[in-house]
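Enquirer: Can you read through this structure? Questions will come right after.
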Amino acid sequence: MSGPPSRELTRQERAAIRRLVTDLCANYDNRDKFCRSLDCPCYMLHKWWTGSFCRYFREAVLPVDPALESAITGEDTSLKQKTCPVCGRAYLPTTSQAYCSDSCRAFARRKSERERKRRIRQNQR
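Just so we're aligned, residue 42 is where the sequence shown starts under my numbering, counting upward by one.
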């Protein structure tokens, strides 16, 4: 992991990491409290220092919380984020994604279709 030198995590950062692991990590087994891929207790739950992180956690789970990601990695992740023009929510786009969800995309499409039809009707008069 590139970035700033290793440092101790704050209490809030540790709590956020534990919450992300238990809620979102696909490799974490809630019943046995084990990491399925390593077949041992998940070391991300008891992480006290920055430095090495579970690769799956770093690539798939950590981007869900951009503030935590930028605090831990030292990189400015706000540049990766976009704001949805419909609902105003911040999201991490995949490729050239313009809206945060399918419902926002459908809403924007309906709105643009209404405006287009309104212009056509006005020009016919």
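Backbone N, C-alpha and C fix where the C-beta goes; we use that ideal spot for every residue, glycine too.
Measuring CB atoms only, is the region 148 to 159 touching the region 92 to 101, in the sense that at least three cross pairs come out at less than 8 Å?
Expert: Segments in contact, no.
Enquirer: For K121, which residues in the same chain have their Cβ closer than 7 Å to its Cβ, ignoring the five residues on either side in sequence?
Expert: So the qualifying residues of the chain are L133.
Enquirer: Would you kindly work out how many angstroms separate the C-alpha atoms of W90 and R59, rounded to a whole number?
Expert: So the two alpha carbons sit approximately 13 Å from each other.
Enquirer: Where does C81 sit, in a helix, a strand or coil, going by DSSP?
Expert: Strand, per DSSP.
Enquirer: Counting only the same chain and skipping the five closest in sequence on each side, list residues whose C-beta sits under 6 Å from that of C145.
Expert: C125, V127, C128.
Enquirer: What are the partner residues of Y69, as DSSP defines its beta bridges?
Expert: DSSP, once it has assigned bridges, lists C76 as partnering Y69.
Enquirer: Beta-carbon separation of V105 and L61 under 8 Å?
Expert: Yes; because the gap between Cβ atoms is below 8 Å, this pair is in contact.
Enquirer: Can you look up T124 in the DSSP assignment and give me helix, strand or coil?
Expert: Three-state DSSP puts T124 in a strand.
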